[in-house]
Amino acid sequence: MPPCEIIDWSTVPSQRVPGAGGDSFWRTVQLADMRLRIVEYPVGYLADHWCEVPHVIHLLAGAVTIELASGEAAALDAGQTCRLAAGAPGHRVRTVGDVAAVAWIIDQIS
2 MPPCEIIDWS TVPSQRVPGA GGDSFWRTVQ LADMRLRIVE YPVGYLADHW
52 CEVPHVIHLL AGAVTIELAS GEAAALDAGQ TCRLAAGAPG HRVRTVGDVA
102 AVAWIIDQIS
């Protein structure tokens with residue numbers, strides 16, 4: 002692995018990922034021990050599953066609610082970052098308001 006690796010996100014293809022409320026669009030880069038993604042969530046989006054992968058989510062635009070399987074929820078606005086730790090309850094994303102959301106996500110896979 003090079004000591005400094007530059008990712009040109011404009012060259013990373015977008016993949017459509019169906020959700021329960023609309024489709025998200027992922028641009029994904031896989032590294033040795035993590036996955037990096039820029040994810041676009043449309044207005045009205047709701048993930049179709051509970052995810053248990055640890056993440057760091059930085060919201061670039063819009064607003065989302067991070068819903069936890071335990072019944073808790075956390076609001077995340079553009080410019081804020083959320084860490085979902087290993088062993089935390091399952092979680093899913095729901096967009097809030099009338100603006101699409103864009104997130105930069107680091108998935109821990111090691």
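Residue numbering for the sequence shown follows my numbering, beginning at 2 and increasing consecutively. Think of the CB as a built atom: it goes at the ideal place given N, C-alpha and C, for glycine as much as any other residue.
Pick out whichever of L69, D9, V40, I106 has its Cα sitting closest to the Cα of D24.
V40
If F26 and R17 are in contact, beta carbons under 8 Å, what's the gap, nearest whole angstrom?
6 Å
Limits of the beta strand (DSSP E) - the one that D87 falls within:
The identity of residue 87 in the sequence shown is Ala, whereas the question assumes Asp. Unbroken run through A87: none, as it is neither H nor E.
DSSP state of W10, grouped into three classes?
helix
Would you mind sorting A104 into buried or exposed? The rule is 16 or more other CB atoms within 10 Å of its CB.
buried
Should E73 be labelled buried (16 or more other beta-carbon atoms within 10 Å of its own) or exposed?
exposed
Please identify the residue among V44, D34, H92, S11 whose C-alpha is closest to the C-alpha of A62.
V44
With a threshold of 7 Å on Cβ separation, who are the neighbours of D49 within its own chain once the five nearest residues in sequence on each side are excluded?
P19, G20, A21
Buried or exposed, going by whether 16 or more other CB atoms sit within 10 Å of the CB of E68?
buried
Does P19 come out as helix, strand or coil in the three-state DSSP assignment?
strand
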